[in-house]
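Trainee: Just so you know, we're using the numbering used here here: the sequence shown kicks off at 24 and counts up by one. One structure, as structure tokens, below. Some questions next.
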Amino acid sequence: MIDYLAVMLVSVGAGLALLALYLFVNPAPENRPTWGFGFGATALILASTAIPMIVSWPLPGSYNVAFGEPALMFGALFTVAGLALVFRLELLGPAIWGFFAGITAVIVGQQIIAHGMTKEPGVAGLGFILAGIGGILTLPAVAMKNQRWIALIAAVVLAVAAIVWLYTGFNSYPGHIADFAKYVPAYMK
């Protein structure tokens, strides 16, 4: 089994941190293209890892559904949001789509906790739930620009979600490196 979940988790955390900072800063349209490339980096990592995860199921059981499908949704969302920012377009369309991705993340988080998935189901579930709430709040934050308090609340929720995802991702690396320290691909045996 090849497990590339750690890089996915760190990428989600970085993307959430970037979105939180974007909502907090509220950059002028002329400064948005730079932000778009950051969103694109998150999209690239998530698309290149989520698609193989969904197709080949490298993780045990429903972990592929719980991590692969939301990662693909998040990667697609960051792709279109990044492009919108590069072209100085509004984020309303991606925010509407993100609202539904947010609902999905809340459901997945609840299921991770209910089924005791991962070594720390409470932390993993909380990461999904907070990311989902942040995604849901991003829609009104983008749609009601004159209500800055909504964007600030969304930014705080997303920042906390980013911390949870980064904590989980960074803590995954030592175990994954130890688990694969003596791994030899079949073609090298």
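Every residue gets a Cβ at the ideal spot worked out from N, C-alpha and C, and that includes glycine.
Where does Arg111 sit, in a helix, a strand or coil, going by DSSP?
Mentor: Of the three classes helix, strand and coil, the one that applies to Arg111 here is coil, per DSSP.
Trainee: From which residue to which residue does the alpha helix (DSSP H) around Ala209 run?
Mentor: Ala209 -> no alpha helix (DSSP H), and no H or E assigned at all.
Trainee: Taking the alpha-carbon positions, what's the Gly139 to Pro117 distance?
Mentor: Answer to the nearest angstrom: the Cα atoms are 32 Å apart.
Trainee: I'd like the list of long-range same chain contacts for Phe101, defined as Cβ closer than 8 Å, with 5 residues on each side in sequence excluded.
Mentor: Within the same chain, Phe101 has close Cβ partners Gly38, Phe62, Gly63, Thr65, Ala66, Leu69.
Trainee: Which value, in whole angstroms, describes the spacing of the CA atoms of Ile171 and Ala201?
Mentor: Per the sequence shown, the amino acid found at residue 171 is Arg instead of Ile. The straight-line gap from Cα to Cα measures roughly 46 Å.
Trainee: Is the Cβ-Cβ distance between Met76 and Gly59 less than 7 Å?
Mentor: It is not a contact, given that the beta carbons lie outside the stated cut-off.
Trainee: Looking at the unbroken alpha helix (DSSP H) that takes in Phe62, where does it start and where does it end?
Mentor: Segment 55-79, the alpha helix (DSSP H) holding Phe62.
Trainee: Does the stretch 40-52 come close enough to the stretch 195-211 that 3 or more CB-CB pairs lie under 8 Å?
Mentor: Segments in contact, no.
Trainee: How many Å lie between Val129 and Val30 at the Cα?
Mentor: For Val129 and Val30, the distance between alpha carbons rounds to 21 Å.
Trainee: Whole angstroms are fine: how far does the CA of Pro81 sit from the CA of Asn169?
Mentor: If you take the alpha carbons of Asn169 and Pro81, they lie about 45 Å apart.
Trainee: When you compare the CB positions of Phe97 and Ala178, do they come within less than 7 Å of one another, or not?
Mentor: For Phe97 and Ala178, no; Cβs fall outside 7 Å.
Trainee: Are Pro52 and Arg111 touching if we call contact CB-CB under 7 Å?
Mentor: In contact: Pro52 and Arg111 (Cβ atoms closer than 7 Å).
Trainee: Quick one: Cα of Val165 to Cα of Leu114, how far?
Mentor: Whole-angstrom Cα-Cα distance: 7 Å.
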